[in-house]
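Peer 1:
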Amino acid sequence: GAVVSQHPSWVICKSGTSVKIECRSLDFQATTMFWYRQFPKQSLMLMATSNEGSKATYEQGVEKDKFLINHASLTLSTLTVTSAHPEDSSFYICSARDVRGIEYSNQPQHFGDGTRLSIL
Amino acid sequence: EDKVVQSPLSLVVHEGDTVTLNCSYEVTNFRSLLWYKQEKKAPTFLFMLTSSGIEKKSGRLSSILDKKELFSILNITATQTGDSAVYLCAVEGYGNNDMRFGAGTRLTVKP
Chain A
1 GAVVSQHPSW
11 VICKSGTSVK
21 IECRSLDFQA
31 TTMFWYRQFP
41 KQSLMLMATS
51 NEGSKATYEQ
61 GVEKDKFLIN
71 HASLTLSTLT
81 VTSAHPEDSS
91 FYICSARDVR
101 GIEYSNQPQH
111 FGDGTRLSIL
Chain B
1001 EDKVVQSPLS
1011 LVVHEGDTVT
1021 LNCSYEVTNF
1031 RSLLWYKQEK
1041 KAPTFLFMLT
1051 SSGIEKKSGR
1061 LSSILDKKEL
1071 FSILNITATQ
1081 TGDSAVYLCA
1091 VEGYGNNDMR
1101 FGAGTRLTVK
1111 P
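Line order of the protein sequences matches chains A and B.
In this text, residue positions in the first sequence follow my numbering: the first is 1, and each later residue adds one.
In this text, residue positions in the second sequence follow my numbering: the first is 1001, and each later residue adds one.
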């Protein structure tokens, strides 16, 4: 089945550092990927929709300049948290859906394993 | 605005018990409702529901959707400690491609 790989799984770094998180679709092409953030004991909140070859669409309240998204190929989207601060510490998860040749409404989204980001 | 409300927020049961988790929703141009199980990492897919009244079943888990009353339930029979997790409900609407999640139900199954 469809597999989404996310890397790294855990990052600890100092305040002010920029951190890049990769999301790859391993056995399918994803023109669209999604980035979520989850704080402890809270649900997943959509941050942005990553579109291959075009600009990402950000949800209200998410800073575009802080959370840079690049979707340069059909199998890779990256999220860069720029100048990270302790309040950016969270669990970041990406997802994608395999829409090749199939009515996409019948296919669920699949998640990467997530990246736990801790900013000291 | 799309909204997903899950209840209860937390639930503690003993092994062997049957549980029912609830999810009500409001979404523009409903397309599907999904259930996920989340343990320590990212959510894993359980069910995708698009039609009313058709039960989906996988082992001890089952789910059904009521598009008239705008809710879904997830049933787990003969619960085991390995069922302890957060169960997330999400909805998708036509016109967008993303999911909106509920707050989740934290299920704890005690031996």
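Beta carbons are placed, not taken as given, at the ideal position from N, Cα and C, and that holds for glycine.
Every value quoted in this text rests on a predicted model; they were computed, and no experiment measured them.
Alpha carbon to alpha carbon, how far is B/SER1058 from B/TYR1025?
Peer 2: Within the second sequence, numbered from 1, the residue matching residue 1058 of chain B stands at position 58. Within the second sequence, numbered from 1, the residue matching residue 1025 of chain B stands at position 25. Between the alpha carbons of B/SER1058 and B/TYR1025 lies a gap of roughly 23 Å.
Peer 1: Thinking C-alpha only, which one of B/TRP1035, B/SER1051, B/ARG1060 and B/ARG1106 is nearest B/ASP1066?
Peer 2: In the second sequence, residue 1066 of chain B corresponds to position 66, counting from 1. If we check each option's Cα against that of B/ASP1066, B/SER1051 comes out closest.
Peer 1: When DSSP labels each residue in this structure, what does B/GLY1093 get in the three-state scheme?
Peer 2: Locating residue 1093 of chain B in the second sequence gives position 93, counting from the first residue. Strand at B/GLY1093.
Peer 1: Roughly how many whole angstroms lie between the Cα atoms of A/GLU59 and A/SER5?
Peer 2: By one-based count along the first sequence, residue 59 of chain A stands at place 59. By one-based count along the first sequence, residue 5 of chain A stands at place 5. The alpha-carbon atoms of A/GLU59 and A/SER5 are separated by roughly 23 Å.
Peer 1: Quick check on B/ASP1083: buried or exposed, where buried means 16 or more other Cβ atoms within 10 Å of its Cβ?
Peer 2: Stepping through the second sequence from its first residue, residue 1083 of chain B is reached at position 83. Per the 10 Å Cβ criterion, buried.
Peer 1: How is the beta strand (DSSP E) around B/ASP1066 delimited, first residue to last?
Peer 2: Position 66 of the second sequence, counting from 1, holds the residue named residue 1066 of chain B. Residues 1061-1066.
Peer 1: According to DSSP, simplified to helix, strand and coil, what is B/THR1081?
Peer 2: One-based indexing of the second sequence puts residue 1081 of chain B at position 81. In the three-state reduction of the DSSP assignment, B/THR1081 falls in the helix class.
Peer 1: Enumerate in chain order the residues of its own chain whose CB-to-CB distance from A/ARG37 is below 6 Å, with the five nearest sequence positions on each side excluded.
Peer 2: As a first step, residue 37 of chain A is located in the first sequence; it is residue number 37 there, counting from the start. Answer for A/ARG37: MET45, MET47, SER90 and TYR92, listed in chain order.
Peer 1: Could you work out which residue in B/THR1020, B/SER1072 and B/LEU1049 is closest to B/SER1032 when comparing CA atoms only?
Peer 2: In the second sequence, counting from the first residue as 1, residue 1032 of chain B sits at position 32. Among B/THR1020, B/SER1072 and B/LEU1049, the Cα nearest to that of B/SER1032 belongs to B/LEU1049.
Peer 1: Reducing DSSP to helix, strand and coil, say where A/GLU87 ends up.
Peer 2: Position 87 of the first sequence, counting from 1, holds the residue named residue 87 of chain A. If DSSP states are grouped into helix, strand and coil, A/GLU87 belongs with the helices.
Peer 1: For the beta strand (DSSP E) that A/ASN70 lies in, which residues bound it at each end?
Peer 2: Counting from 1 along the first sequence, the entry for residue 70 of chain A is found at position 70. 67-73 is the extent of the beta strand (DSSP E) around A/ASN70.
Peer 1: What does B/PRO1043 touch in chain A if you count any residue whose Cβ is under 7 Å from its own?
Peer 2: Taking the second sequence and counting its residues from 1, one reaches residue 1043 of chain B at position 43. Ordered by position in chain A, the residues that pass the 7 Å Cβ test against B/PRO1043 are PHE111.
Peer 1: Would B/VAL1005 pass as a contact of B/VAL1091 if the rule is Cβ separation under 8 Å?
Peer 2: Locating residue 1005 of chain B in the second sequence gives position 5, where the first residue counts as 1. Locating residue 1091 of chain B in the second sequence gives position 91, where the first residue counts as 1. Cβ distance not < 8 Å, so B/VAL1005 and B/VAL1091 don't count as in contact.
Peer 1: If you compare alpha carbons, which of A/SER25, A/SER9 and A/PHE28 is closest to A/VAL19?
Peer 2: In the first sequence, counting from the first residue as 1, residue 19 of chain A sits at position 19. Selected option, being the one with the closest Cα: A/SER9.
Peer 1: Quick check: what's the CA-CA separation for A/LEU79 versus A/PRO108?
Peer 2: If you number the first sequence from 1, residue 79 of chain A lands on position 79. If you number the first sequence from 1, residue 108 of chain A lands on position 108. Between A/LEU79 and A/PRO108, the C-alpha separation is close to 22 Å.
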